[in-house]
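J.:
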Amino acid sequence: MADWTELDTNTLLPGEPLTSAKALAFFENPVALAEGAADAPSLYVGLAAKLVAGGLGSLVFAWSTGADVTFGGTVAGSALRPVGAARALSTRGASSLSVLLTSGSALTGTWTCLGYFDSVASASAPGEDTSTISIFGATLWQRTL
Amino acid sequence: MPIRNARFNQFGGIDCEVEARGEWVPFTASEDDSEAFGRQVYATAAADSGTAAYVAPDPEPEPDPEDALAQARAAVNAERDRRLGTTFAFAGKDYDCDKASLARITGAATLAGFAMGAGAKAGNLRWHGGKADFTWIAADNSLTTMDAQTCFAFGNVAATNQSAHIFAGHAIKATDPIPADFTNDKYWP
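One line per chain: the protein sequences are A and B, in this order.
The letter at position 80 of the first sequence is residue 419 when you use the working numbering, and the numbering goes up by one with no holes.
The letter at position 34 of the second sequence is residue 106 when you use the working numbering, and the numbering goes up by one with no holes.
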């Protein structure tokens, strides 16, 4: 693990000697930053401050207007619609019913699938029973470009 | 950043492919993108005369009224058949009336009619010539003994239940338009 060395900017003024201690700090400080060394500025704080919904690195739970997408696949943001998830489904009576959760607007950039987007899955009852059920998928995505 | 296959989309952005880490990936560029490079891709693609204009997809064709009517009638038939496959009430009990049950009921009622013609008396539970009382199993699995007269009436009620549903379905299909809530009990016997 590299140590973080705090440098006084006054020691970097013209005419100040470039000591081996300063050179070591120049060499080790970037490593210490990457390793999250004690006293080093947190890279995460800087990244988190820049992270906005829909921005690079952000996550979204959404469905795609296109075909199925496997884990790691990419889609253009215009195909994605942010959506929530249901915690329960309830029906009564014999009527055929359909209900959809509200979706958000299309996104920008490139998004990588972090689950498996299955656009629709259906099942039918056996025999003469005409009952069918269809579920429409949504999954987690991360903006990677 | 290399860009190819750029085309305006319906949201005012540009769908394209950009080269990243040696491969082409789908990308949506927008002048409102929170990422600076997204706005740059948009500016580059928008300034390129090769970027295709947005073309709206062909509208969905209007459904054929005849097809819609045929589908609605088929749905009414399905509901009628579903109801006919459940149970009917006779003398305070519910009895199965699916196809197999109905065939058995019809057969037994026919035999009961012959037995009555041959002089079977009311209260005689062995009118069928067997060594045990004539018994029918209800939907709740309870047993009901029947003399020939009762069995004949049982068959009549089953047949009436069938025809009542068939005519109810016919009435629904003759309605213009066919009511959307045709599965409601108010339309059926």
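Just so you know, even glycine gets a beta-carbon here, dropped at the ideal spot from N, CA and C.
Since this is a predicted model, take the numbers as computed values, not measurements.
Using the beta-carbon of each residue, which ones in chain B are nearer than 7 Å to Ala415(A)?
T.: Here the neighbours are Asp87, Pro98, Phe99 and Thr100.
J.: Is it a yes or a no for the stretch 183-203 of chain B touching the stretch 214-224 of chain B, going by three-plus beta-carbon pairs under 8 Å?
T.: With a cut-off of 8 Å, the stretch 214-224 of chain B and the stretch 183-203 of chain B count as touching, because enough Cβ pairs lie within range.
J.: Among all the DSSP beta bridges, which residues are the ones paired with Ser403(A)?
T.: Answer is Leu419(A), bridged to Ser403(A).
J.: Candidates Asp170(B), Gly201(B), Phe99(B) and Ala240(B): which alpha carbon is nearest Ala184(B)'s?
T.: For the residues Asp170(B), Gly201(B), Phe99(B) and Ala240(B), the minimum Cα distance to Ala184(B) belongs to Gly201(B).
J.: Count the other CB atoms within 10 Å of the CB of Phe254(B); is the residue buried (16 or more) or exposed (fewer)?
T.: Per the 10 Å Cβ criterion, buried.
J.: Sort Gly443(A), Leu479(A) and Ser437(A) by Cα distance to Val414(A) and report the nearest one.
T.: Of the listed residues, the one whose Cα sits closest to Val414(A) is Leu479(A).
J.: Please confirm if Leu386(A) has its CB atom under 8 Å from at least one CB of chain B.
T.: It does not; no Cβ of chain B falls within 8 Å.
J.: Against Glu107(B), what residues of chain A qualify as contacts under a CB-to-CB distance less than 7 Å, listed in chain order?
T.: In chain order: Gly394, Leu395 and Gly448.
J.: On the three-state DSSP scale, how would you describe Asp139(B)?
T.: Asp139(B): helix per DSSP, three-state reduction.
J.: Could you tell me the distance, in whole angstroms, from the CA atom of Phe456(A) to the CA atom of Gly375(A)?
T.: In a straight line, the C-alpha of Phe456(A) is about 35 Å away from that of Gly375(A).
J.: Return the CA-CA distance between Ser463(A) and Thr430(A), expressed in angstroms with no decimal places.
T.: Cα to Cα, Ser463(A) sits roughly 17 Å from Thr430(A).
J.: Quick one: any contact between the stretch 144-161 of chain B and the stretch 231-244 of chain B, if contact means 3 or more CB pairs under 8 Å?
T.: Verdict: yes, contact present.
J.: Could you name the residues of the same chain whose beta carbon sits closer than 6 Å to that of Gly110(B), not counting the 5 residues immediately before and after it, in chain order?
T.: Here the set comprises Ala101.
J.: Taking DSSP as the reference, what is the three-state secondary structure of Lys165(B)?
T.: Strand, per DSSP.
J.: So Ala210(B) packs on Thr216(B), CB below 8 Å; how close in whole Å?
T.: Contact holds; Cβ gap of about 6 Å.
J.: Step through the CB atoms of chain A and report whether any lies within less than 8 Å of the CB of Val127(B).
T.: Not closer than 8 Å to any Cβ of chain A, the Cβ of Val127(B) fails to qualify, so no.
J.: Give me the residue from Asp87(B), Pro135(B) and Thr159(B) with the minimum Cα distance to Tyr126(B).
T.: Minimum Cα distance to Tyr126(B) is reached at Asp87(B).
J.: Could you check which residue in Ser235(B), Phe80(B) and Cys169(B) has the C-alpha nearest to that of Ser121(B)?
T.: For the residues Ser235(B), Phe80(B) and Cys169(B), the minimum Cα distance to Ser121(B) belongs to Phe80(B).
J.: Using beta-carbon positions only, say whether Ala144(B) and Ile250(B) come within less than 8 Å of one another.
T.: Cβ atoms of Ala144(B) and Ile250(B): closer than 8 Å.
J.: By alpha-carbon positions, which one of Trp402(A), Lys389(A) and Asp347(A) ends up nearest to Gly476(A)?
T.: Ranking Trp402(A), Lys389(A) and Asp347(A) by Cα distance to Gly476(A) puts Trp402(A) first.
J.: So, is Ile474(A) buried or exposed, given that buried needs 16 or more other C-beta atoms within 10 angstroms?
T.: Counting Cβ neighbours within 10 Å, Ile474(A) comes out exposed, since fewer than 16 surround it.
J.: Mind checking if Leu484(A) is an interface residue toward chain B, Cβ cutoff 8 Å exclusive?
T.: Leu484(A) counts as touching chain B.
J.: By the three-class DSSP mapping on this structure, what secondary structure does Pro131(B) have?
T.: Pro131(B) falls in the coil class under three-state DSSP.
J.: If I follow the unbroken beta strand (DSSP E) through Glu467(A), where does it start and stop?
T.: Unbroken run through Glu467(A): none, as it is neither H nor E.
J.: From this set, Met188(B), Glu89(B), Ala117(B) and Ala231(B), which residue's C-alpha is nearest Asp168(B)'s C-alpha?
T.: When each option's Cα is compared against that of Asp168(B), the closest is Ala231(B).
J.: Just verifying my parser: in three-state terms, what is the DSSP assignment at Gly443(A)?
T.: Reduced to three states, the DSSP call for Gly443(A) is coil.
J.: Please confirm whether Cys452(A) and Val399(A) have their CB atoms less than 8 Å apart.
T.: Taking 8 Å as the Cβ cut-off, Cys452(A) and Val399(A) do not qualify as a contacting pair.
J.: Could you tell me which chain A residues have their CB closer than 8 Å to the CB of Thr158(B), listed as they occur along the chain?
T.: Ordered by position in chain A, no residue passes the 8 Å Cβ test against Thr158(B), which lies about 11 Å from the chain.
J.: Distance check for Pro129(B) and Ser437(A), CA to CA, integer angstroms please.
T.: C-alpha separation (whole angstroms): 25 Å.
J.: Nearest-angstrom Cα distance between Ala387(A) and Ser397(A)?
T.: About 10 Å.
J.: CA-CA distance, Ser442(A) and His237(B)?
T.: Approximately 43 Å, taken between the alpha carbons.
J.: What residue range is occupied by the uninterrupted beta strand (DSSP E) comprising Ile250(B)?
T.: Run containing Ile250(B): none; DSSP gives neither H nor E here.
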